[in-house]
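Here the structure is laid out as structure tokens; the discussion comes afterwards.
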Amino acid sequence: MTPVHAMASLLAVDPVPWARSQMAFTLATHIILVPLGVAWAFMTLVANHRAIRRSDPDALRLAQRWSKVMAVTFAVGAVTGTVLTFEFGLLWPNFMGRFGGAFGVPFAIEGIFFFLEAIFISIYIYGWRRLRPWPHFWTGVPIVITGLGGTFAVVSANAWMNQPSGYTLDSAGKVVAVDPWGVIFNKATPYETIHMLVAAYLVGGFMIASVYAVALLRGRTDHYHRLGFLIPFTVATIAAPVQFMVGDWAARSVSLDQPVKFAAIELVPTTASDVPETLFGYLNAQGQVTGGIPIPGLASFLTGYSTSTVIQGLNIVPADKEPSIAEVNLVHYCWDIMVGIGSLFVLLSLWYGLTWWRRRDIPKTRWFLRIAAVSGVAAVIALESGWVITEVGRQPWIVYFVMTVTQAATNNSGVWVTFVVIMGVYAAVIAGTVLVLRAMAQRWRRGDETESEVPYGPRDLVAAAAEDPVTR
Amino acid sequence: MNSARAAAVILFAAITLYAVFGGADFGAGFWDLVAGGAERGARPRALAEHAIAPVWEANHVWLIFALVILWTAFPTAFASITLTLFVPLSLAAIGIVLRGSGFAFRKVTLRTSRRRLLGATFAFSSVIVPFSMGTIAGAIASGRVPNGGQAGDTWSSWVNPTSLLGGVLAVAACAYLASVYLVADAHRLDDPELESYFRRRAVGTAVVAGAVALVGIFVLRNDATYLYDQLTSQALPLVVVSALAGLAALALVLRGVHRYARFAAAVAVATVILGWGVAQWPYILPQSLTVEDAAAPSGTLNALFAVFGIAAVTVVPSLILLYVLDQRTVLDPEASQH
Ligand code: HDD
Ligand code: HEM
Ligand code: HEM
């Protein structure tokens, strides 16, 4: 082998694992920004409403600042989302080539929502000084609606991968007819979209509240910080019990629609009744359930309200059509994490709700604020776990029982290069986002604020010229 | 017109809007890049930033639209393009992340050293992205992306005379568009010094873009005969309009008729894109895949038309509202909430 050939074969790496990793990494990053883009506008409007109704200057300040931070996170969400659009083609060209006509429809709809969202965020920020209070408030409402619509559209595309419908194949496997409604409203759409929308409010609420919880812990207990905590925390604690019920509905639907994924979730190698709920167990190399804490009959009971409910096992399909053992274990761990965090959130909601009901105040103990301070991170972990369940639990399929991930992938051997580069670039983008947000917070604490400091904000040439060291 | 053709028209309309609006954005980044040191370049930079700030994100949604229409309406063409042109597409995607975040962060950052780093990232990627896009257009137009999976070569498909022409032309056109827009902006803000600064640059880039286009004719004659033949026959009217509009824009800029200069410059660039589309008609991938053969089933196309209609009636009025607000003066503090 010549050195050139050696080099070439060293570089000719199997693209599939790299493509999977790149997709997972970029999606996992993007999804953190999504709850902020979707839910923050709503909380900003709550503050805005209060500011006008009660002439509350602290609420006004919150609303103004939140709208500016939202612009930064929206901008980062937009660029990371653009990368995803490219990746569909770069990483999964055969999937797009075959199913683009069906899978693409919800994305076309999403396009309108994102466009309008971007425009109205701008309008809202401009409006602070250019519109009267109530008309200005109303220009914020489209941001909330487009956020909901955009999320619905993207997640229905994802639901289609889990429950493909609305298309006809000819004998060669080519898509010859598409029914757009059938694509958008596939069987998984109702539970997946609602679960994600509630998640957006839950995660967004806890993320923002946790920042103010830290401030309260540090002794900044004025009205401004309390309000900054109460608005998002209340939204999140209303979302938490709702999410619990929606998740239950999702789980039951998955047990019917996607039995293999459900078997991985509940760690069921062979079809059986009286299936225990195994907390943190795993499948060993022989595919047997090992370790963990089994709660007898609970999985069966939760699925069909009776311990004699039969749950289909992984064995209903041949080994090459189900997730690998490592994937099953990952799905099951993520399941325990998501449901565990979700259940803790329900308890947290109860605690907060009862205290508020009795005393019109948050619980007095510092432990409450400490827990609230970590709720943001916990919510993000739950969100990521949920997506891992959905995506890894579908393996080896990209389109459930229609096309595998390997068939879909590109054969460009350079994917590992783009993976490495993207990791570096995203690390910089994440670090940049954190630094910039901290800088904004510090500046506000010092009390200097201009409206031109944000990406979508008005242009302030006078300020720019004033900064200019060269006199005119 | 049948629906496959209508979808192709919408696709090219989206690409054209991206070129005209997004292109000016990239161009503003180009002027940022070449504006010189932090002190000397401060004012042109501030103007360039000022000009793109309100709509910089919305401008780039046209790209998302174009990609989504391409993959939804012409999925097989999309697959062939992404398989063959993996490298320049990856460059463009990474450039877009760096550009967008560089710009957004710079706007929020006040410290000069950080602003400089972020600004450089923004400006440099503002050149890389249109260059990559231009090479992609050149690759497709010259028939180097054949239908059928990874049929074209990973490297020579986009490193070739036509692609390089496309890349250079794209950067030149962006810089040209932006400078014409910025002359008008400087004029509106009553800044004669910056106005003449960008006027000189508008004239310079107009000459450069024109020269590149002229050289391009010879490049295409040798490197992409099909494209050349079509450009000199069915697409000839558009080529002529483009040249005339470019000359008109030049004359208008020199005479200080800004509003029309802007319009003429946009027409000059738009007709290049449309000329490309007409020249490769009826192919979506020249000489191996026609628009008709690549089109998705009619259900998909009808959904796209519906989306397009909804976009027209919702997005346009909201953009107008934004522009109106942008021109409107700040309310007096009594009435506003500040
Ligand atoms: C903060 C977020 C959060 C919380 C607290 C929960 N989930 Fe969840 N879950 C998600 C966030 C999430 C998600 C948004 O990440 C997913 C991924 C895809 C989706 O539709 O929602 C998800 C997926 C997902 C799925 C897979 C759906 C599919 O693949 O089609 C099931 C079965 C559940 N969840 C069930 C639950 C249950 C029973 C919960 C009880 C507490 C729960 N989730 C709490
Ligand atoms: C694989 C999938 C995804 C793709 C291809 C994608 C694509 C995009 C694109 C292109 C943008 C930028 C739009 C613009 O320029 O204005 C964006 C932003 C956004 N995406 Fe995604 N996205 C994906 C996953 C998701 C998911 C799962 C959600 C929600 C659940 C979501 C919600 C959003 C939202 C709300 C924004 C606006 C930015 C923000 O609010 O932070 N996306 N996405
Ligand atoms: C609407 C949104 C989404 C769409 C359309 C989508 C689409 C895809 C596609 C096409 C793949 C590659 C094929 C496959 O492995 O099945 C994939 C893989 C993956 N995605 Fe998603 N995704 C979405 C949201 C997310 C989110 C938010 C996450 C966050 C963690 C995520 C995590 C993953 C992971 C971990 C993989 C790799 C799975 C594996 O190969 O084992 N996805 N996704």
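Chains as they are written, first to last, in this note's numbering: chain A, 1 to 472; chain B, 473 to 810.
The C-beta atom is built at its ideal place from N, Cα and C for all residues, glycine as well.
With the criterion set as a beta carbon lying under 9 Å from some beta carbon of chain A, the members of the segment 561-577 of chain B are L561, S562, A564, A565, I566, I568, V569, L570, R571, G572, S573, G574, F575, A576 and F577, in sequence order. Look at Y755/B here: in three-state DSSP terms it is strand. Pairing P269/A with V289/A gives a Cβ-Cβ distance under 8 Å. Relative to ligand 1, even the nearest heavy atom lies 7 Å or more away from the CB of S598/B.
When secondary structure is reduced to three states using DSSP, A157/A falls in the helix class.
Residue state for V289/A is assigned as strand, using DSSP reduced to three classes. Cα atoms of A71/A and T404/A: separation of roughly 38 Å, rounded to the nearest angstrom.
Shortest Cα-Cα distance from S343/A to any of L116/A, S253/A, T139/A and A378/A involves A378/A. Taking a cut-off of 8 Å on C-beta distances, the segment 751-761 of chain B does not touch the segment 90-99 of chain A, as fewer than three cross pairs fall below it.
At a beta-carbon threshold of 9 Å, the residues of chain B lying near I123/A are S790, L793, L794 and L797, ordered along the chain.
Taking 8 Å as the CB threshold, T85/A lines the interface with chain B.
Residues of chain A whose Cβ lies closer than 7 Å to the Cβ of F670/B do not exist, since the nearest Cβ in that chain is about 15 Å away. For T772/B, the C-beta contacts it makes with chain A under 8 Å involve G101, A102, G104, V105, V178 and P180, in order along the chain. Relative to the non-hydrogen atoms of ligand 1, the Cβ of F280/A never comes closer than 7 Å to any of them. Distance from the CA atom of D14/A to the CA atom of S413/A, rounded to whole angstroms, is 6 Å. Relative to the Cα of L116/A, the nearest Cα in the group F206/A, Q258/A and P142/A belongs to P142/A. Here DSSP, grouped into helix, strand and coil, assigns V175/A to strand. When beta bridges are read from the DSSP output, E277/A appears opposite I295/A. A heavy atom of ligand 1 is found nearer than 7 Å to the CB of M338/A. Distances from the CB of G111/A to the heavy atoms of ligand 1 are all 7 Å or more. Bridge pairing for V268/A: absent [DSSP].
A distance criterion of 7 Å places the beta-carbon of V155/A in contact range of ligand 1, judged by its closest non-hydrogen atom. In this structure, D248/A has its CB closer than 7 Å to one or more heavy atoms of ligand 1. Here the C-alpha atom of F86/A lies approximately 29 Å from the C-alpha atom of L692/B. Collapsing the DSSP output to three states places Y282/A in a strand. Judged by DSSP in its simplified three-state form, L561/B adopts helix.
G304/A and G291/A do not touch by the CB rule: their CB atoms are close to 26 Å apart, not below 8 Å. Judged by the Cβ position, I341/A qualifies as a neighbour of ligand 1 at the 7 Å threshold, a heavy atom of the ligand being closer than this. Of the residues I341/A, K261/A and F345/A, the one whose Cα lies closest to the Cα of E322/A is K261/A.
As the crow flies, the alpha-carbon of D695/B is around 19 Å from that of Q706/B.
Pairwise C-beta distances place the segment 187-207 of chain A in contact with the segment 232-250 of chain A, as three or more of them are shorter than 8 Å. Your pair G140/A and Y124/A checks out as a contact, with CB atoms roughly 5 Å apart and the cut at 8 Å. Contact of F120/A with chain B is assigned, a C-beta pair being separated by under 8 Å. The continuous stretches of alpha helix (DSSP H) do not include T168/A, which lies in the beta strand (DSSP E) extending over residues Y167 to L169. At a cut-off of 7 Å, the beta-carbon of A24/A does not count as near ligand 1: no heavy atom of the ligand is closer than that. At a cut-off of 8 Å between beta carbons, I482/B makes no contact with chain A.
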